[in-house]
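Notes for the one structure printed next.
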Amino acid sequence: MLYDDGLPLGSPAPLASPVLLASPVLLASPISLAPPRLDELAMRSVAPNLADALASPSQPRLLSLPSSPPRSLAPFDTAPDPRRTAALSLPPKQARKPRIRVDLQARTYEGLLRATMDKSRESYGVGLLRFHQFCDRCSIPERDCMPADRLLLAAFVADAVGTLSGKGIRNWLNGLCLWHLFNDAAWHGDEGRLPSLKKAADRTGVPFKRPPRGPITKAHLRAIRASLDLTSGFGVGMVTGFYRLYVITTWSSTFGAEIGNTAVSSSKMSAQTRGSETRGFRTTFRGPVTYFSTVLAIFGLKKFAESSSTSPLHKTRGFTRDHPYFGAATWSNATACFWGCRRLGELVISSPSKFSLEHDTTRNTCTSFSCVNAHDVVSFHIVWTKTTTILGADCVLTTTMGDDADLCPVWAFRNHLAVNHSPPTSTPLFAYREHDSWCVLTKDLFRRTTSATFGTAGLENVFGHSYRIGGSVELLLAGVEPEVIMKLGGWTSLCFLIYWRRLEQILPQRITAAWAARIQAFASTHNHSYDTLALNFEDD
């Protein structure tokens, strides 16, 4: 995207004659039918602010626009009208005059967008949608929407109490808080009656809470292993339909469209490809490109969404039985998530279009092999985690022996490196070979593959987080200290306790082990045999 004088956003704009960057308000773009994302919703308020900075203080602008008609409250029905930015009608904002250079103001908004992850902004977008719908339904004047005072926020929360979980309402407020931050407006979400209303939301929202996720068990892992060929590709249990599902998912995540479980029409799959050169990165968009997606690309949020034909990471072919090396990557990822107690999203990427060297671990990550107490150990660095963010963490895997030798994560990792050898340095850690190119093991593809396997084996269907839960449960049952498991899985607080499952096995085992230790200590102190069957009471 360029200025009117042809300069890209990255270059300094001519300060003597600033021009107005096209905003959603002036473009009057159609309302999107896709589920709302803060990538788009936030830009509807950020873009006018950026335009506010780029425009001359004396240049006339639209300061007030009519609000959109009332909308229904059906889940994810429509995104807010692009005119509902509320930032343009904020009187204090109009009274401000730019005091710093235009390019620095643009960098400020770019930094604000980079401060949060894409997934967080997508989740927060729901709160913006619900707030705009509430304001429309209650005929709240535009000038009162930004900043929202504590009475308006209290009414918004009270209206939602009893309709969803307390955590969901708090997430809505988090989105509104971030929206106010983008607009440099005061936030009143923790004042007055709001703390009490949040507690009420927690109590009335209990029926809407999801049941605890079940853990992955060793039976699940063995079902995965039995369905895969660990040296050449798909095993007996895999079907060619996964390719169609994967293409649908990849296309959907790239364009931000909800496709569902139906096939994508050939006309959409053959949509015209348009590219844009952005700060040294070539970003290719397939299908229709909205104004907001273009703005996000300019801001650098999609600089790694390279899907050109020359990129080895974005080639997809048919998933057939002779598709090589998928099994080795899938099995290694499953065992690493389980025995390393890691989140699935920390080891595999969400989609090729969202691959980022700052967030996703690649094959050139720091990896070490060692031997501890006659057990082989492999450790590799994860570049990003939910708790440590950019500091990352180390995933430590230890050889399993005996009855669990077939589930050994070290063997699986070595096998993956051997089968999928000689990758480019920027290849995701669990990418797999396909002849002369590389394919990405995405989070969705992994879950679809394993879910089909569990269904065939008659096992409980579990989720991505279940690997982390199942691994911690298995280690607790094996007698590993909870503090060690917390460190292994990257838990930084007692929230680790909420992931405990099978308490009827874990707690009695730990209690009886403690009793056994005390009995042994007493016997040793009084020179008695620890074996109660060897005690002779007849001599007393």
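Going by this note's numbering, the sequence shown opens with residue 1, and the numbers climb by one from there. Glycine residues also receive a C-beta, built at the ideal position from the N, C-alpha and C atoms.
Examine the Cβ distances between the stretch 407–427 and the stretch 190–208 and report whether three or more of them are shorter than 8 angstroms.
-> no
Got a sec, what are the start and stop residues for the beta strand (DSSP E) Leu357 sits in?
-> Here Leu357 belongs to no beta strand (DSSP E), and DSSP marks it neither H nor E.
Since Ser437 sits in a beta bridge, which residues does DSSP pair it with?
-> Glu434
Express the C-alpha separation of Val126 and Val157 in angstroms, rounding to a whole number.
-> 14 angstroms
For Leu164, the three-state DSSP class (helix, strand or coil) | strand
Using the beta-carbon count (16 or more within 10 Å), is Asp444 buried or exposed?
-> buried
If you count every other CB in all the chains shown that lies within 10 Å of the CB of Arg225, and 16 or more means buried, which is it?
-> buried
Secondary structure at Asp376, three-state DSSP: helix, strand or coil?
-> strand
Residue burial classification, Leu221 (beta-carbon count within 10 angstroms, cutoff 16) | buried
How big is the Cα-Cα spacing for Leu357 and Ile169?
-> 33 angstroms
When DSSP builds the beta bridges, which residues end up paired with Ile382?
-> Ala393
Does the beta-carbon of Gly402 have 16 or more other beta-carbons within 10 angstroms, so that it is buried, or is it exposed?
-> exposed
Taking the alpha-carbon positions, what's the Thr387 to Asn527 distance?
-> 50 angstroms
Could you pull the start and end residues of the alpha helix (DSSP H) that Arg101 belongs to?
-> From DSSP, Arg101 is part of no alpha helix (DSSP H); its letter is neither H nor E.
Proximal residues to Thr163 (C-beta, below 7 angstroms), its chain only, five neighbours per side dropped = none
Identified DSSP bridge partners for Pro195 | Pro195 pairs with nothing; no bridge assigned.
Exposure of Asp229, with buried meaning 16 or more beta-carbon neighbours within 10 Å = buried
Could you give the C-beta distance for Arg622 and Thr427, rounded to a whole number, given that I count them as a contact under 8 angstroms?
-> The structure shown does not extend to residue 622, since the chain spans only 1 to 540, so no value can be given for it.
Leaving out the 5 sequence neighbours to the left and right, which residues in its chain are closer than 6 angstroms to Val378 when beta-carbon positions are compared?
-> Phe369, Leu397, Val410 and Phe413
Report buried or exposed for Asp360, applying the criterion of at least 16 other Cβ atoms within 10 angstroms of its Cβ.
-> buried
Nearest-angstrom Cβ-Cβ length linking Thr385 and Ala393, presumed shorter than 8 angstroms | 5 angstroms
Can you name the residues that DSSP bridges to Cys145?
-> For Cys145, which the question treats as bridged, DSSP gives no partner whatsoever.
For Leu128, which beta-bridge partners are listed by DSSP?
-> DSSP lists no partner for Leu128.
Taking the alpha helix (DSSP H) that Tyr325 falls in, what are its first and last residues?
-> Where Tyr325 is concerned, there is no enclosing alpha helix (DSSP H), given that its DSSP letter is neither H nor E.
Which listed residue (Pro424, Ala457, Ser332 and Leu176) has its alpha carbon closest to that of Tyr467 = Ser332
On the DSSP bridge assignment, give the partners of Phe369 in chain order.
-> Val378
Thinking just about the alpha-carbon of each residue, which of Ser493, Thr399, Asp376 and Asn183 is nearest to the one in Leu112?
-> Asn183
Beta-carbon separation of Cys395 and Gly455 under 7 angstroms?
-> no
Can you grab the Cα-Cα spacing for the pair Gly458 / Arg150, in whole Å?
-> 52 angstroms
For Leu197, I'd like the list of residues in its chain whose CB is within less than 7 angstroms of its CB, leaving aside the five on either flank, ordered along the chain.
-> Ala154, Val157, Ala158 and Val161
For the putative contact between Ser472 and Gly489, defined by C-beta atoms under 8 angstroms, what is the C-beta separation to the nearest angstrom?
-> 6 angstroms
Measure the alpha-carbon distance for Glu434 versus Val440 and round it to whole angstroms.
-> 10 angstroms
With 16 other Cβ atoms within 10 Å as the buried cut-off, status of Gly470 | buried
For Gly175 versus Leu128, is the C-beta spacing smaller than 7 angstroms?
-> yes
Does the beta-carbon of Leu544 have 16 or more other beta-carbons within 10 angstroms, so that it is buried, or is it exposed?
-> Because the chain is modelled from 1 through 540, residue 544 falls outside the range shown and cannot be assessed.
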